[in-house]
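Some notes on the structure that comes next.
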Amino acid sequence: MPSPIQTGSVVWWRNGRYLVASVTDRSVAICPIEVGPCPRHRADVALDWFEALSLRVDSGSVIRCVPFGVPVSSVVLAGGLACGALMARVQLGISKEVQARAFEMRHSQQIQEIS
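To get my numbering, take the position in the sequence shown, counting from 1, and add 841.
Okay, here's the thing in structure tokens:
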């Protein structure tokens, strides 16, 4: 039987809630949902009040667009589903974070070569 978990689902994993960025039959890529983080991270996507309500999370929460993979069997649906517009912003946030990390890695390697 296929899992009801889909891209945009809010799930429980360990001790927190996460947004599913992508899903396969065996694994999910999840992004943490941070409640009122301070300081903010460059990869954070802020939620408006309606998005927070739809995801069933506190207002002021953000999606931290730094996904990691876990087995699909290790997450449990928490309720809430992200709309297409929010998922587009999350995917853009993930893309920007990946590009920033790649730039930092190249820059770090160049500095090490000079040293």
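From the three backbone atoms N, C-alpha and C, an ideal C-beta is built for every residue, glycine too.
What you are looking at is a predicted structure, and each value in this text was computed from that prediction instead of being measured.
Spatial neighbours of residue i in its chain, beta-carbon cut-off 6 Å, leaving aside the 5 residues before and after
i: residue 887; result: 903
Bounding residues of the alpha helix (DSSP H) (the contiguous stretch that carries residue i)
i: residue 931; result: 925 to 955
i: residue 863; result: Counting along the chain, residue 863 falls outside any alpha helix (DSSP H), though it belongs to the beta strand (DSSP E) covering 857 to 864.
Reference residue i; option with closest CA among the options
i: residue 870; options: 946, 876, 879, 860; result: 860
i: residue 884; options: 925, 933, 894; result: 933
Backbone CA spacing between residue i and residue j [nearest angstrom]
i: residue 882; j: residue 905; result: 7 Å
i: residue 945; j: residue 928; result: 26 Å
i: residue 910; j: residue 953; result: 30 Å
Limits of the beta strand (DSSP E) - the one that residue i falls within
i: residue 902; result: Neither: residue 902 is in no beta strand (DSSP E) and is coded neither H nor E.
Per-residue burial, residue i [other beta carbons within 10 Å of its own, 16 or more giving buried]
i: residue 858; result: buried
i: residue 842; result: With a pLDDT of 49 at residue 842, under the threshold of 50, the modelled position of this residue cannot be trusted, and the question is left open.
i: residue 924; result: exposed
Same chain only: Cβ atoms within 8 Å of residue i, ignoring 5 sequence neighbours per side
i: residue 877; result: 899, 901, 902
i: residue 847; result: 861, 864, 922
i: residue 913; result: 844, 846, 864, 865, 866, 867, 868, 869
i: residue 908; result: 862, 863, 870, 871, 872, 935
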